[in-house]
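Visitor:
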Amino acid sequence: MANHLAVNIYVFAYIWIFIYKCPVTLSSLIFMSQVKIYHNPECGTSRNTLALIRNAGVEPEVIYYLDTPPTVDELRTLIQDADLSVRQAMRTNVPPYQELHLAQQNLNDEELLNIMVKHPLLINRPFVVTILGTRLARPSEVVLELLVQPQLGAFSKEDGEQVIDIHGRRIKAEDK
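Start counting the sequence shown at 1; every next residue gets the next number (the UniProt record's numbering).
Below is the structure:
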């Protein structure tokens, strides 16, 4: 019985040390599955955002929203949680916007949401959802506000712009 107690105390001590000495690892385990990105792999901003999430050691749930569009309710929630209007979440520089004459039409939000779900190319991207909130990650660095985990190392965008230094710290515009 005494040996089992000693083993249990040892296991408890090991777990306690792991939790308090390795908070980044623990938080990564806890929150890893709680990051979701509505992703378009053809979009550079979306690719950079996904890469920044992964640079924090997180493998998010990737939703290819052009193939699997959100429902009207899901899209409404994303837009509301990101504190945007429906029009702010809509892309205006894509063919469906011109073809459907959406600039001229006086449509209400419900009508616009239905059109966006039917034509997901109209949905601006990437939306990122974490335990800290929901944002439209434009520019891609916006995602840093939503990540619990720190960046693990240097990161440059696809265009070569360095965003994170070798210590995992954000490089501000005034530091460049």
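Glycine is no exception: its CB is placed at the ideal position from the N, C-alpha and C atoms.
A quick note: this is a predicted structure, and the numbers were derived from the prediction, not measured.
Helix, strand or coil: which one does DSSP assign to Arg54?
Guide: If you number the sequence shown from 1, residue 54 lands on position 54. Here Arg54 sits in helix by DSSP.
Visitor: Taking the beta carbon of Thr71 as the centre, do at least 16 other beta carbons fall within 10 Å, making it buried, or is it exposed?
Guide: Within the sequence shown, numbered from 1, the residue matching residue 71 stands at position 71. So Thr71 counts as exposed.
Visitor: Given a cut-off of 8 Å, decide if Ile131 and Val148 are closer than it, judged by their beta-carbon atoms.
Guide: Here the question's residue 148 lines up with position 148 in the sequence shown. Here the question's residue 131 lines up with position 131 in the sequence shown. Yes. Within cutoff.
Visitor: Given this structure, state the Cα-to-Cα distance separating Leu146 from Leu112, to the nearest angstrom.
Guide: Here residue 146 is taken as the residue at index 146 of the sequence shown, counted from 1. Here residue 112 is taken as the residue at index 112 of the sequence shown, counted from 1. Each residue's Cα considered, the two are about 27 Å apart.
Visitor: Express the C-alpha separation of Val86 and Pro96 in angstroms, rounding to a whole number.
Guide: Counting from 1 along the sequence shown, the entry for residue 96 is found at position 96. Counting from 1 along the sequence shown, the entry for residue 86 is found at position 86. Cα-Cα distance, rounded: 16 Å.
Visitor: Helix, strand or coil for Leu136? Go by DSSP, reduced to three states.
Guide: Along the sequence shown, one-based indexing puts residue 136 at 136. The answer is strand: DSSP assigns Leu136 an E or B state.
Visitor: List the DSSP bridge partners of Lys36.
Guide: Start at 1 with the first residue of the sequence shown, and residue 36 comes out as number 36. BP columns for Lys36 point to Glu61, Val129.
Visitor: If distances are taken between C-alpha atoms only, which option among Leu121, Asn55, Thr49 comes closest to Gln98?
Guide: Here the question's residue 98 lines up with position 98 in the sequence shown. Closest option to Gln98, Cα to Cα, is Leu121.
Visitor: So the candidates are Leu107, Asn108, Val129, Asn93; which of them puts its Cα closest to the Cα of Ile123?
Guide: Counted from its first residue, the sequence shown places residue 123 at position 123. It is Asn93 whose Cα lies nearest to the Cα of Ile123.
Visitor: Report the option in Ile164, Asn40, Leu136, Thr45 whose CA atom is closest to the CA atom of Leu78.
Guide: Stepping through the sequence shown from its first residue, residue 78 is reached at position 78. Taking only the C-alpha atoms, the option nearest Leu78 is Leu136.
Visitor: Name the residue from Ile166, Val163, Pro41, His167 whose alpha carbon lies nearest to the alpha carbon of Asp67.
Guide: On the sequence shown, residue 67 is found 67 positions in, with the first residue counted as 1. Of the candidates Ile166, Val163, Pro41, His167, the one whose C-alpha sits nearest the C-alpha of Asp67 is Pro41.
Visitor: Measuring only the C-alpha atoms, how far is Thr134 from Ala82?
Guide: Translated into the one-based positions of the sequence shown, residue 134 becomes position 134. Translated into the one-based positions of the sequence shown, residue 82 becomes position 82. Their Cα atoms are separated by approximately 5 Å.
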